[in-house]
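In our numbering, the protein residues as written are 312 to 732.
Each residue gets a CB set at the ideal place from its N, CA and C atoms; glycine is no exception.
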Amino acid sequence: MSLQSHPSQLTKVRLCQGCELPVDVIDVKQGRSAYCPRCGTQLYQGGTPSLSGNLAIALTCLLLFIPSHFFNFLSIRLFGQMIPATLPSGIITLFNEGFIFLAFLVAFCASIAPLMVCASVVSAHIALKLNAFKLLKSSLWVIQHLKHWVMIDVFLISVAISCFKLQDYSDIFVGVGLYGLILLQLFTVLLLSRVSTRRYWEAYQHETDYTFEHKDVHCTHCHLSQPNGHRCVRCQNPLEHRKANSIQKTWAYLLAASIAIFPANLIPISILLTNGKRLEDTIFSGVAALIKNGMSGIAVIIFVASIVVPVAKILGLAYILLAIKFKRSVFHKQRMMIYFVVKWIGKWSMMDLFVISIMMALVDRGQILDFTPGYGAVAFGVVVVLTMLAAESFDPRFIWDNYREDKGPKKKIKQQESFNE
Ligand SMILES: [Zn+2]
Ligand SMILES: [Zn+2]
């Protein structure tokens, strides 16, 4: 899409990163956001909250990593013995039992990704201070790519579910680590809602410093609309109208995920040994057992997170890809909604794996009561990763490729204001 008009007017125009529609930049109040009138993508947040506020929150988060990771978040009394659980202890037990992939996945989503995002906010501030381009570029890359993998909220829900599952076997005590985790969650949510990579690039070099004759392409890294070229004039990342091989990559991840979903559901994901009895549970039989034990609420949560979410992601993305292939000319907005939902729900399927790691930390006591993951859990971890990668490799601008504006005089484009989520 090419846009040509007088250069002085052009500084106020930007291409939407979701559908490449040229939109006028207008002032939006603090606490509100501007959304694309056509596809609904969030374009920018209103007001100018200080970047130093982000720095303070990021430093708070980094400090909170200590209590949340090195103090017990739960303890149980089993056979008169107190067993504590810290976040790393579950991961270490998984690792020692040979489930290295699961250990890494849990560690990555619960600890490494949040830690790297918070540390990158701090290093982005250092980079701005020192005018260090490379440091700024890599810090913002980490923030942009890892923020979807920050899953402390999912982990907290998993702690609650583990408590319900264990209440029949033992007394449960809450530890300092849990308060640390809750505070860490609150501050990371605050941080992620405030941090925008665009704002950091704006602080490095402001949009209005560039005068373009026309704007043809939008840089998805620093959100500068500019003429066609090889690399972005501001952040030096390759400029692409569409992510390279986006459709092929998304198909590949989706096909692999739809194969892995069978072993994930058919092979047991957890094995519980109690009083010499061996209880093997698949995802589905686990849900059924929860209903039988009168925990229907938890059963619904697990059913939605572990069965509905992965299937819905695969079907939703496959539908979008097929609609692009067959050039469907209606319901673009609905497909964009599906894309937003698929991106948002993705992380919740990690819940069952977090529950497994918490159970590993607490219940690993040899003959009388023992808990290990089954290989179904590994297949399920593969499904989670593949569906996350599928959603991330998809470029939503493809959805709008065959969109036709209604005939008649072109409407003046205005941005909607709406409360920030
Ligand atoms: Zn748009
Ligand atoms: Zn750029």
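Per DSSP, what kind of secondary structure is residue i in: helix, strand or coil?
i, result
"Met-312", "Bear in mind that the predicted position of Met-312 carries a pLDDT of just 41, short of 50, making it too unreliable to give a figure here."
"Glu-331", "coil"
"Val-693", "helix"
"Ser-668", "helix"
"Arg-715", "coil"
"Ile-263", "This structure cannot speak to residue 263, because the chain is shown only from 312 to 732."
"Leu-577", "helix"
"Glu-551", "coil"
"Lys-323", "coil"
"Val-652", "helix"
"Thr-698", "helix"
"Lys-723", "Because Lys-723 sits at a pLDDT of 43, beneath the cut-off of 50, its placement in the model cannot be relied upon, and the following sentence gives the value as read from the coordinates. In the structure shown, Lys-723 sits in coil (DSSP, three-state: anything other than H, G, I, E or B)."
"Pro-621", "helix"
"Asp-681", "strand"
"Tyr-521", "coil"
"Ile-411", "helix"
"Val-485", "strand"
"Ser-536", "strand"
"Ser-507", "coil"
"Gln-496", "helix"
"Ile-368", "helix"
"Ser-386", "strand"
"Asn-731", "Confidence is the limiting factor: at Asn-731 the pLDDT is only 37, short of 50, which leaves the residue's position unreliable, though a coordinate-based value still follows. Here Asn-731 sits in coil by DSSP."
"His-380", "helix"
"Arg-343", "strand"
"Lys-658", "helix"
"Gln-290", "Outside the shown range of the chain (312 to 732) lies residue 290, about which nothing can therefore be said."
"Val-336", "coil"
"Lys-638", "coil"
"His-541", "coil"
"Val-417", "helix"
With distances taken Cα to Cα, identify the nearest neighbour of residue i among the options.
i, options, result
"Met-671", "Val-417, Phe-595 and Ala-369", "Val-417"
"Ala-430", "Leu-441, Thr-531 and Leu-446", "Leu-446"
"Gln-328", "Ile-631, Leu-550, Ala-634 and Leu-626", "Leu-550"
"Cys-274", "Ile-493, Val-695 and Val-693", "An answer regarding residue 274 cannot be provided, because it is not within the stretch 312 to 732 covered by the chain."
"Leu-413", "Phe-709, Gly-687 and Leu-489", "Gly-687"
"Gln-496", "Asp-335, Phe-376 and Tyr-355", "Phe-376"
"Phe-419", "Leu-664, His-517, Val-598 and Gly-685", "Leu-664"
"Ala-568", "Leu-628, Phe-384 and Leu-583", "Leu-628"
"Met-662", "Val-696, His-525 and Val-652", "Val-696"
"Ile-613", "Ile-625, Ala-600 and Ser-640", "Ala-600"
"His-456", "Val-324, Val-689 and Ala-424", "Ala-424"
"Leu-389", "Asp-706, Leu-477 and Ile-463", "Leu-477"
"Asn-586", "Gly-486, Asn-548, Ile-669 and Leu-680", "Leu-680"
"Ile-411", "Lys-526, Ala-690, Ser-596 and His-541", "Ala-690"
"Ala-634", "Ile-710, Gly-401 and Ala-555", "Ile-710"
May I ask you to check if the CB of residue i is nearer than 6 Å to at least one heavy atom of ligand 1?
i, result
"Thr-352", "yes"
"Arg-509", "no"
"Leu-332", "yes"
"Arg-349", "yes"
"Arg-429", "Before going on, a small fix: residue 429 reads as Cys here, not Arg. Checking the Cβ of Cys-429 against ligand 1 gives no."
"Cys-327", "yes"
Compute every distance between the C-beta of residue i and the non-hydrogen atoms of ligand 2, then say whether any falls below 6 Å.
i, result
"His-643", "no"
Expressed to the nearest angstrom, what Euclidean distance is found between the alpha-carbon atoms of residue i and residue j?
i, j, result
"His-529", "Pro-378", "42 Å"
"Val-694", "Ala-575", "8 Å"
"Phe-381", "Lys-638", "53 Å"
"Cys-347", "Gly-685", "45 Å"
"Lys-458", "Thr-352", "17 Å"
"Val-433", "Thr-499", "13 Å"
"Glu-513", "Ser-507", "10 Å"
"Ser-422", "Lys-340", "34 Å"
"Asn-539", "Leu-332", "15 Å"
"Asp-338", "Tyr-355", "10 Å"
"Gly-357", "Phe-475", "42 Å"
"Pro-579", "Asn-365", "44 Å"
"Trp-460", "Leu-374", "20 Å"
"Asn-383", "Trp-562", "42 Å"
"Arg-509", "Ser-469", "33 Å"
"Cys-533", "Ala-396", "41 Å"
"Arg-715", "Arg-646", "15 Å"
"Ala-610", "Asn-604", "10 Å"
"Cys-330", "Arg-349", "8 Å"
"Val-652", "Ile-625", "12 Å"
"Gly-486", "Ser-536", "50 Å"
"Pro-318", "Glu-524", "Unreliable placement is indicated for Pro-318, whose pLDDT of 47 sits below 50; no coordinate value is reported for it."
"Ser-660", "Thr-522", "46 Å"
"Ser-400", "Ser-668", "9 Å"
Mind listing which residues have their beta carbon within less than 6 Å of any non-hydrogen atom of ligand 3? Chain order is fine. The ligand content of the structure shown is limited to ligand 1 and ligand 2, which means ligand 3 is not among them.
To test your reading of the DSSP string, which unbroken beta strand (DSSP E) runs of 3 or more residues are found completely within the region 423–471? none
What runs of the beta strand (DSSP E), each 3 residues or longer, lie entirely inside the region 586–614? 588–592
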